[in-house]
Amino acid sequence: MSTDGLIVVDKPGGMTSHDVVARIRRFARTRRVGHGGTLDPMATGVLVIGVGRATRLLTYVIGAHKSYTATVRLGQATVTDDAEGDVIATTPAGHVTDEAVRVALAAQRGEIDQVPSAVSAIKINGQRAYKRVREGETVELPARRVTVSRLELLAVRRNSPDVVDVDIDVTCSSGTYIRAIARDAGLALGVGGHLSALRRTAVGGFSLAEAATLDELAQRAPEVVNLPLAAAADRCFPRRDAGADEAKVLAHGGPLDPVGIAGPYAVFGPAGEVIAIVSERDGRARAEIVLAPA
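Residue numbers (the numbering used here): 145 to 438.
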């Protein structure tokens, strides 16, 4: 089996995305491993890992829409907007009705301007926001336009008198902070809120159904890739098949004639191998990245 390809990992809680990459490097016996979109340490679920030449596909994976199941705890605000951070304010939330919760969540559906969590990896003047917060600074991040295409209320749980736990199911654009949804719902309800659990169920077309745990991957090592490069490209992009001459031109970085596919798309050679990811502009089809081995 080729060592180039994608792996859909079910990340365990308590590990950073980089920890998972380090583990896969050992399994696959290669340094050339990367991930397609960070998950916070407390979060679990879908983390797409690229190995070998497939690391070049991760740019496209990162921009895909994401789906999550999450729990918002109303009645407690934390410094990080999630359960990892210290509680900075508590307000009894037992009086908040299910209907009020629905209204607060509905306000965050669609295209919204969301202020990212201050404790995030966004850089301000070259330094990550979370580093500034940990050094005691107050960080104000500008709002960003994000799209929450689905935000469903799954359950409202009242297991203790002062906090209300709200289970939600979310599909959103890349760059959306589920922690910020929790924070903003708590603010709207006047009781504060934070994210107490987060599980990513899908990244683009990759879902938990095909995800492997690190234990499962350890048993398969070094054959850990479950979607070889050509299959991965076929899953992620529209497809164009090229003849031998076209494949040769493209493999050397040359342009092809356009065929009218809205890009980017994957071009495959006569043997079913993926040559390049291409987009069409100014009357030519040019490679964004060449994947054929040199």
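For each residue, glycine too, the CB sits at the ideal point set by N, CA and C.
From E354 to L191, what does the alpha carbon distance come to, in whole angstroms? When rounded, the distance between both Cα atoms is 11 Å.
Assumed close pair K210, V347 - CB separation to whole angstroms, cut-off 8 Å: 6 Å
Which complete alpha helix (DSSP H) runs does the segment 268-298 hold, if anything under 4 residues is left out? If we require 4 residues or more, the alpha helix (DSSP H) runs fully inside the segment 268-298 come out as 273-278.
Do the segment 211-228 and the segment 355-374 make contact, defined as three or more Cβ pairs closer than 8 Å? no
Between P382 and P414, what straight-line distance do the alpha-carbon atoms span, to the nearest angstrom? 17 Å
Environment of N370 [buried if 16+ CB atoms lie within 10 Å]: buried
Can you tell me whether A242 is buried or exposed? The criterion is at least 16 other CB atoms within 10 Å of its CB, across all chains shown. Looking at the sequence provided, one finds Asp at residue 242 rather than Ala. D242 should be labelled exposed.
Would you check if the distance between the CB atom of D201 and the CB atom of L150 is smaller than 9 Å? The question names Asp, yet the displayed sequence has Leu at residue 201. Taking C-beta atoms as the reference points, L201 and L150 count as a pair closer than 9 Å.
Which ranges does the beta strand (DSSP E) cover as unbroken runs of at least 3 residues, wholly within the segment 302-382, from first to last along the chain? 307-316 and 337-347
Who are the near neighbours of R289 in its chain, counting only those whose CB is closer than 7 Å to its CB and skipping five residues on each side? E255 and D257
For C380, which residues from the same chain have a beta carbon less than 8 Å from its beta carbon, with the 5 sequence-adjacent residues on both sides left out? L201, Y204, V205, G348, G349 and A410
Following a CB-centred definition, is D359 positioned closer than 8 Å to any heavy atom of the ligand FAD? No copy of the ligand FAD occurs in the structure displayed, which carries no ligand at all.
For H179, which beta-bridge partners are listed by DSSP? DSSP, once it has assigned bridges, lists I193 as partnering H179.
Between A436, P305 and L400, which lies nearest to S423 when the distance is taken from Cα to Cα? L400
Which residues in the same chain have their Cβ closer than 6 Å to the Cβ of V231, if we skip the five residues on either side of it in sequence? Q220 and T222
Would you call the segment 311-321 and the segment 287-302 in contact, with 3 or more CB pairs under 8 Å? yes
In angstroms, rounded to a whole number, what distance separates the CA positions of Q252 and P185? For Q252 and P185, the distance between alpha carbons rounds to 25 Å.
Check the DSSP bridge columns for V164 and list the partner residues they point to. For V164, which the question treats as bridged, DSSP gives no partner whatsoever.
DSSP state of L435 mapped onto helix, strand, coil: coil
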